[in-house]
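Residue numbers (the working numbering): 22 to 237.
Beta carbons are placed, not taken as given, at the ideal position from N, Cα and C, and that holds for glycine.
Every value quoted in this text rests on a predicted model; they were computed, and no experiment measured them.
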Ligand code: DGP
């Protein structure tokens, strides 16, 4: 039996990640695959609840502490994620390590320091970065309620994601397999969905227990 695929969506707030993650999961299920969706931060745990208080501005925390809480939230759910993948379930994830680094670096924290707490986590098989301008994202519904939803800050996050993308694209080409793709999110839902599906189909099959990990 093969393990499931770990497919990650990353991007700015309101880039359309949730919609595309849902459409991807539905399409894969229709083909008969077992699929689960996950989202970080997972606000239902105690750590997640502290993160939620920060995001909704009911509790303030210094930048380093909240960075480590986001990372702890990924770590506390890591074994459950690996168990799902090993049991053959494809997991479509909305945000992960790269959001951690992009958002915290955008605040001015040292980039290398930001990566450290996530080294050792399982690396996604494919990261789909949905590229959108902060201005377009801000014009989409519901923007502005949480702490990071400001165009000026999201512009900094976008610049940090660009640095990460450059690094990950080099890693992809060295490894000879596309583990990071950046797609223009300002295109139609269906066009984007079709592009995503074709990238997911190209992800190589792997056996349970066979993972790459986040590392330097
Ligand atoms: P979401 O639930 O996907 O809307 O994410 C909530 C907000 O938290 C969003 O503005 C992105 C930000 N975020 C997500 N993950 C991390 C992280 O690991 N570190 C930091 N600093 N921010 C994050």
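Output the boundary residues of the alpha helix (DSSP H) element that contains residue 40.
38-51
Mind checking whether residue 28 and residue 114 have CB atoms under 8 Å apart?
yes
Given a cut-off of 8 Å on the beta-carbon distance, is the pair residue 244 and residue 31 in contact?
Outside the displayed span of the chain (22 to 237) sits residue 244, for which this structure offers no information.
Should residue 121 be listed as close to the ligand DGP, given that the test is whether its C-beta is under 7 Å from any heavy atom?
yes
Can you tell which of 178, 96, 104 and 94 has its C-alpha closest to the C-alpha of residue 130?
178
For the ligand DGP, any of its heavy atoms closer than 7 Å to the Cβ of residue 91?
yes
Can you find the residues in the same chain that come closer than 8 Å, C-beta to C-beta, to residue 218, ignoring five residues on each side of it along the sequence?
Counting only Cβ-Cβ distances below 8 Å, and skipping sequence neighbours, we find 45 and 48.
For residue 105, I'd like the list of residues in its chain whose CB is within less than 7 Å of its CB, leaving aside the five on either flank, ordered along the chain.
For residue 105, the CB contacts under 7 Å within the same chain, skipping 5 residues up- and downstream, are 25, 57 and 112 in chain order.
Below 8 Å, can you find three or more Cβ-Cβ pairs linking the region 174-190 to the region 219-237?
At 8 Å Cβ cutoff, the stretches do not touch.
Which two residues bound the contiguous alpha helix (DSSP H) that contains residue 121?
118-127
If you compare alpha carbons, which of 76, 79, 135 and 142 is closest to residue 98?
The shortest Cα separation from residue 98 among 76, 79, 135 and 142 belongs to 142.
Looking only at DSSP bridge pairs, what is residue 203 linked to?
150
How is residue 34 classed by DSSP in three states: helix, strand or coil?
Here residue 34 sits in coil by DSSP.
Just to confirm before moving on: does the CB-CB distance between residue 146 and residue 203 stay below 8 Å?
no
For the ligand DGP, is there a heavy atom less than 7 Å away from the beta-carbon of residue 145?
No.
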